[in-house]
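Before any comments, here is the structure.
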Amino acid sequence: MLTVSSLSGAAAFAQDNPMVGGAAMYADKNIIENAVNSADHTTLVAAVKAAGLVDTLSGEGPFTVLAPTNEAFDALPAGTVETLLKPENKEMLSTILACHVIAAKALSTDIVGMVKDDGGEHMVDTVGGCKLTLKTTADGGVTVTDENGTTANVTIADVMQSNGVIHVIDAVLTPKSSM
Numbered sequence: 446m447l448t449v450s451s452l453s454g455a456a457a458f459a460q461d462n463p464m465v466g467g468a469a470m471y472a473d474k475n476i477i478e479n480a481v482n483s484a485d486h487t488t489l490v491a492a493v494k495a496a497g498l499v500d501t502l503s504g505e506g507p508f509t510v511l512a513p514t515n516e517a518f519d520a521l522p523a524g525t526v527e528t529l530l531k532p533e534n535k536e537m538l539s540t541i542l543a544c545h546v547i548a549a550k551a552l553s554t555d556i557v558g559m560v561k562d563d564g565g566e567h568m569v570d571t572v573g574g575c576k577l578t579l580k581t582t583a584d585g586g587v588t589v590t591d592e593n594g595t596t597a598n599v600t601i602a603d604v605m606q607s608n609g610v611i612h613v614i615d616a617v618l619t620p621k622s623s624m
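Per this note's numbering, the sequence shown runs over residues 446 to 624.
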């Protein structure tokens, strides 16, 4: 089980957060309020809207969101995103997106610690019912592997939000055998 980390001190300002998609990320805004400003996450935002998850991800949390970039969605087989965005595929889209959400706040230092404590990899359950394997890289980075063997690299870690944290990733994670 993923442990929850708490922040000490006052709310962080944008300069304490990395820029994402050319936009400042504000620690006093929630996941949705910040994500809509990232030019690298327009596909993710459209998918969250189509799946009806805006209210959920605007909620109290805490959440750790593994946020795939537009390039990650573009790497899926041709037509996949368009198919998933159709109203009749809302349930499948919602499940896929929920595989990117952990119901706890886990900073990169927390993840690295859990991986080390577990001997090199740490399993975590997502709100979508997916089991993800977290590992660290030789240069101190973090990778996330889904049940289908897709591995995403965390490209921007620890983007603080009022209701959790975002880690930007370079691949779309999917439930077992969904794609």
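Positions of the beta carbon are idealized from the N, C-alpha and C atoms, including for glycine. This one's a predicted model, so the numbers in the text were calculated from it and none came from an experiment.
- Between the alpha carbons of Val-599 and Pro-532 lies a gap of roughly 30 Å.
- The continuous beta strand (DSSP E) containing Met-568 extends over residues 567-570.
- Using a Cβ distance threshold of 7 Å, Asp-485 and Thr-514 count as a contacting pair.
- A straight-line Cα-Cα distance of about 15 Å links Ala-472 and Val-613.
- Within its own chain, the residues whose Cβ lies closer than 6 Å to the Cβ of Ile-556, once the five positions on either side in sequence are excluded, are Leu-579 and Val-587, listed in chain order.
- Asn-598 is bridged by DSSP to Thr-588.
- Judged by their CB atoms, Val-560 and Thr-581 are nearer to each other than the 7 Å cut-off.
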